[in-house]
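Each residue of the sequence shown is one higher than the one before, starting from 209 at the first, in this note's numbering. In what follows, a single structure is set out as structure tokens and then discussed.
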Amino acid sequence: MNTTELQKQAVIYCRVSTKEQVEEGNSLVTQEKICKEYALKQGYSIIQIFVEQGESAKTADRPQLQSLLSFCANRKNRVSAVIAYKLDRLSRNTDDYSQIRLLLKRYGVEIKSTTEYFENTPVGRFLENTMANIAQFDNDIRSERCAGGMREAVREGRYVWMAPIGYDNIKVADKATIGINPILGPILKETFELIAQNRFSIEETRRLMSEKGLVNPQGKPLAKAYFYRLIRNELYAGWICKFGERHKGHFEPIVSELVFQQVQRVVKQRGRVNKPHITDHPDFPLRRFVTNDNGKKLTGSWSQGRSQKYPYYRFGGIGTNYNRDHFEKVFIEYMNGFALTSVTFEKLKRYVKQNLSEAVKDEIKQSGYLNECIADLNKKQSVLVKKNIDGVITDAILKQELEIIEIQLMKFNAELLSLTARNDVNYEEVLEIVEEYIKNPGNVWAKSNIDKQLKLQWFQFPTGVIFSENGFGTAEIANVFKVKVPISDTNSSVVDYQLDILNQQEVGQFCHKWQINTIGEELTRLSKILDESPPKANSF
């Protein structure tokens, strides 16, 4: 080997993705070692090593590759060759590889592969192009398999992408999916519920929830455009929409589909955030709450008469005017139609006290059990880490076991947080606060201020009400009023509720259809609306 050959200078390029390192064993250390051995045998002096960690070869936009090209472009560095373990280390895209090769050739730099030999002849160049095409083909096959795996996961109800705000990426039965984040999940749920009530503008809701902790990973409030995309994302209602398909997810949704659809109605009605917000008018509490058969919202205004102004409601600003006082009188009668008699309320009260007190006792026991489980899991984590340090178990086993424990900790902590919130409520005092409203909802509504009226009407009718020539109707009422007999009108999508009391049937025979905790949460929410100081310190 002559002196000239020994003076040839080269750079080494190593690249590996995490997946390839696991599957093929092409670690960075191995690649660098082989490249150095090749350089020594071929008489090259290595002047720089470029290492790309965890970067895909699908694109040429890689930091170390760009640095390598800049280094080679500098004639002062006198680079003669770029040495790589294989051609696909430089690129798995045929077009990108061709561009890289032409660029390096312009700088007088050759590409050398330690595992593939190509002579500078027509046959050698043909083989080089063939190997580049094989790398491209291999990459396309991997991408196709990856997309196919993702599509299959979607059909199984699993979300395998980065979890959006409110969810965490977890594994269930060693398969990737998402689970509710115990901190941001409840905040997002409250966000959807607040928008569904249609009390505040979307922008006001965004600001309010930012103060409560709805922020991005950098701790900053969510951007307006991102917030709009978030509240329109069906994933929060349990639906995965990918690859032009829509599948029900096998993970817990943050909000019910009913609330999600109501939010979409509110967003559509309010329009984009840059539109002026019309505040709630104390003279017209039913504005935007009542719709007609055509979906037009109720509006209200004062009309000038001969000697004075008169208040009127109308739909969409045109059409029939409805005298406000008469219209609200009919609405109050409709609300009172769901009122429970004293006898029925006592049955409900007795049922709730008996069953909810037992549920609270069970939940206190469950809280103790969950705390024990969490403590045991934390101890187990410490033991596993110590065994790994001592060399008893491998890194792979440690990682697998810790992932299982993290899933269990997430589940137990989430359940514990939900139990703690319910156990702090004095349900006996709650029932005393809500009694008057449940017996006379319309009368209580009529005496309330505008803020409380809006809260009460959205509580009793979560999706609003529809007004037609037959009067008022609704698709949904609060669970506490569902001791009425539902009668479905086959000629309408609206369900009108019959006003007969179940005199022959105990409340418990109805309530078995609804989990007692749901009733308890609803009663607590109603008490907070009716009383500015909601009861605490459970007395059951």
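All C-beta atoms in this analysis are idealised placements derived from N, C-alpha and C, irrespective of residue type, glycine included.
Quick one: what's got a C-beta closer than 6 Å to residue i's C-beta in the same chain, skipping five residues either side?
i: Leu639; result: Lys557
i: Lys504; result: Phe523 and Gly524
i: Arg407; result: Leu662
i: Asn596; result: Leu606
i: Phe435; result: Arg414
i: Ile486; result: Because the pLDDT at Ile486 is just 47, under 50, the model does not fix this residue reliably, and the value given afterwards should be weighed accordingly. Same-chain partners within the cutoff: there are none.
i: Tyr315; result: Cys280 and Ala281
i: Tyr521; result: Leu506, Gly508, Tyr530, Arg532 and Phe535
i: Ala361; result: Val368
Answer yes or no: do residue i and residue j have a C-beta to C-beta separation smaller than 8 Å?
i: Phe320; j: Ala289; result: The sequence shown places Lys at residue 320, not Phe. Contact flag set, yes.
i: Arg532; j: Gly508; result: yes
i: Pro670; j: Gln469; result: no
i: Val560; j: Ile727; result: yes
i: Lys647; j: Ala547; result: yes
i: Leu277; j: Leu311; result: yes
i: Gly672; j: Val538; result: no
i: Val380; j: Ile615; result: yes
i: Val317; j: Val287; result: yes
i: Gly189; j: Ile439; result: Residue coverage of the chain in this structure runs from 209 to 748, which leaves residue 189 outside it and unanswerable.
i: Arg359; j: Phe451; result: yes
i: Gln217; j: Ile255; result: yes
i: Tyr444; j: Phe400; result: yes
i: Gly681; j: Glu541; result: no
i: Glu609; j: Leu592; result: yes
i: Lys420; j: Ile395; result: yes
Which residue marks the beginning of the alpha helix (DSSP H) containing residue i, and which one marks its end?
i: Glu677; result: Per DSSP, Glu677 belongs to no alpha helix (DSSP H) and is neither H nor E.
i: His834; result: Nothing about residue 834 can be reported from this structure: the residues present for the chain run from 209 to 748 only.
i: Phe279; result: Pro271 to Ala281
i: Phe258; result: Element bounds for Phe258: not the alpha helix (DSSP H) but the beta strand (DSSP E), Tyr252 to Gln261.
i: Arg749; result: Nothing in the structure corresponds to residue 749, since the chain is present only between 209 and 748.
i: Ser418; result: Ile410 to Glu419
i: Val638; result: Tyr635 to Lys647
i: Thr399; result: Leu392 to Gln405
If you follow the beta strand (DSSP E) that residue i is in, where does it begin and where does it stop?
i: Glu318; result: Glu318 to Ser321
i: Asn500; result: Val498 to Asn500
i: Lys383; result: Lys383 to Ile388
i: Ile378; result: Tyr375 to Val380
i: Leu662; result: Taken as a continuous stretch (DSSP letters only), Leu662 belongs to no beta strand (DSSP E), being part of the alpha helix (DSSP H) at Ile658 to Gln668.
i: Ile508; result: At residue 508 the sequence reads Gly, which differs from the Ile that was named. It spans Leu506 to Gln512 - the beta strand (DSSP E) in which Gly508 sits, taken as one unbroken run.
i: Arg223; result: Lys216 to Val224
i: Ala289; result: Ala289 to Ala292
Go through its chain and collect everything with a Cβ distance to residue i's Cβ below 7 Å, but skip five positions before and after it.
i: Tyr375; result: Ile386, Gly387, Ile388 and Asn389
i: Leu617; result: Ile582 and Leu585
i: Lys294; result: Ser321, Thr323 and Glu324
i: Asn482; result: For Asn482, the predicted model reports a pLDDT of 42, less than 50, meaning its position is unreliable; a value from the coordinates is still stated below. Counting only Cβ-Cβ distances below 7 Å, and skipping sequence neighbours, we find nothing.
i: Lys383; result: Arg366
i: Ile308; result: Ala268, Leu298 and Ser299
i: Arg478; result: Ser409 and Ile410
i: Ile737; result: Lys660, Lys663, Leu664 and Phe667
i: Trp653; result: Ile540, Met543, Gln661, Leu664 and Gln665
i: Arg495; result: His489, Leu506, Thr507 and Gly508
i: Lys397; result: Ile462 and Val463
So residue i and residue j are supposed to be a Cβ contact under 8 Å. How far apart are they, rounded?
i: Leu466; j: Glu684; result: 7 Å
i: Pro493; j: Gln661; result: 4 Å
i: Leu578; j: Val642; result: At roughly 30 Å, the Cβ-Cβ gap does not stay under 8 Å, so Leu578 and Val642 are not in contact.
i: Asn674; j: Asn529; result: First, the residue type needs correcting, since residue 674 is Ile and not Asn in the sequence shown. Incorrect: roughly 19 Å between the Cβ atoms, too far for contact.
i: Leu236; j: Gln261; result: 7 Å
i: Ile220; j: Glu240; result: 6 Å
i: Ile373; j: Pro490; result: Contact doesn't hold; Cβ gap of about 36 Å is too wide.
So, at 8 Å on beta carbons, what are the nonlocal neighbours of residue i in its own chain, with the 5 sequence-adjacent residues on each side left out?
i: Val423; result: Pro429 and Leu430
i: Arg454; result: Glu442, Trp447 and Ile448
i: Leu402; result: Phe408, Thr413, Leu416 and Met417
i: Ser464; result: Ala445
i: Leu731; result: Val560, Tyr635, Val638, Leu639, Val642 and Val688
i: Met162; result: Missing from the structure shown is residue 162; the chain here goes from 209 to 748 and no further.
i: His720; result: Residue placement at His720 is poorly supported in this model, since its pLDDT is 45, which falls under 50; the coordinates still yield a value, given next. So the list is empty, once near-sequence residues are dropped.
i: Val475; result: Ile403, Ile410, Tyr436, Ile439 and Arg440
**Message:** Could you tell me which whole alpha helix (DSSP H) segments of length 4 or greater appear in the region 438-481?
**Reply:** 465-478
**Prompt:** Could you give the uninterrupted runs of the alpha helix (DSSP H) lying entirely in the region 517-555, keeping only those of 4 residues or more?
**Reply:** 532-544
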